[in-house]
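In the working numbering, the protein residues as written are 2 to 218.
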């Protein structure tokens with residue numbers, strides 16, 4: 002499914018506030034994913050820097066799959082290459098003593114399932130957008146808080162937390178997120194496409210939560 006709607010359809014109706022619709026429809030899914038035992042304990046200071054490293058290494062597999070799609074001709078502003086996180090994650094893992102993360106932290110079954118799903122939807126712009134939105138806007142929204150907590154609880158250094166530094170300059174995360182949502186709305190998705198987007202965003206949170214469950218097992 003491609004994002005671009007027929008020009009006449011796009012012009013005939015007022016653009017939907019897609020970001021607001023997705024946020025409202027996935028609020029429970031988001032909450033459920035973020036309150037799994039492992040992530041709650043990690044952010045609460047009950048675990049260790051080694052546990053944070055395990056967490057980060059699993060998501061290296063996820064971002065590798067997410068970012069394999071790369072930039073494509075005709076991509077909208079929403080698919081901004083500057084959001085890519087894999088290089089920063091790998092830098093952090095090296096600083097955490099896990100430069101060889103592929104060997105020392107193989108993908109858990111839940112992680113492999115998430116990565117396989119991302120690859121399966123990478124050619125479907127609407128479904129891919131759902132994962133792009135949930136991952137990157139989640140990082141922009143909660144990343145600074147996560148970095149602060151991991152630094153406070155486990156003594157992580159800035160060199161171990163570059164994942165959360167998007168280097169957005171004067172624009173900053175708040176204005177960037179606003180612009181992202183505006184770009185998302187400007188795609189003028191049709192109601193059926195929005196339904197698909199919401200369905201896939203819900204799947205994203207379920208897949209994410211499954212990794213937290215696996216890490217805590």
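We treat Cβ as the ideally placed atom computed from N, Cα and C, and that holds for glycine.
These numbers come from a predicted model, not from an experiment.
Item, Value
"Backbone CA spacing between residue 143 and residue 157 [nearest angstrom]", "17 Å"
"Beta-carbon proximity of residue 19 to residue 188, cut-off 9 Å", "yes"
"Cutoff 8 Å; reference residue 92; Cβ partners in own chain excluding five residues on either side", "160, 163"
"Residue environment, residue 63, which counts as buried when at least 16 other CB atoms sit within 10 Å", "buried"
"Status (buried if at least 16 other CB within 10 Å, exposed otherwise) for residue 205", "buried"
"Beta-carbon proximity check, residue 202 vs residue 106, cutoff 9 Å", "no"
"Own chain partners of residue 118 with C-beta closer than 8 Å, once the 5 adjacent residues on each side are dropped", "204, 208"
"Where the alpha helix (DSSP H) through residue 191 begins and ends", "Looking at the DSSP string, residue 191 is not in any alpha helix (DSSP H), and its letter there is neither H nor E."
"For residue 218, the three-state DSSP class (helix, strand or coil)", "coil"
"Extent of the continuous alpha helix (DSSP H) run through residue 39", "38-44"
"Three-state secondary structure (DSSP) of residue 110", "helix"
"Simplified DSSP assignment, three categories, for residue 61", "helix"
"Limits of the alpha helix (DSSP H) - the one that residue 137 falls within", "It is not in any alpha helix (DSSP H) - residue 137 carries neither H nor E in the DSSP assignment."
"Best match in 94, 193, 198, 121 for proximity to residue 26 [C-alpha to C-alpha]", "198"
"Exposed unless 16 or more other CB atoms sit within 10 angstroms - verdict on residue 68", "buried"
"Neighbour-count burial assignment, residue 21, 16 or more Cβ in a 10 Å radius", "exposed"
"Whether residue 134 touches residue 70 by CB criterion (9 Å)", "no"
"Cα-Cα separation between residue 193 and residue 126, rounded to whole angstroms", "14 Å"
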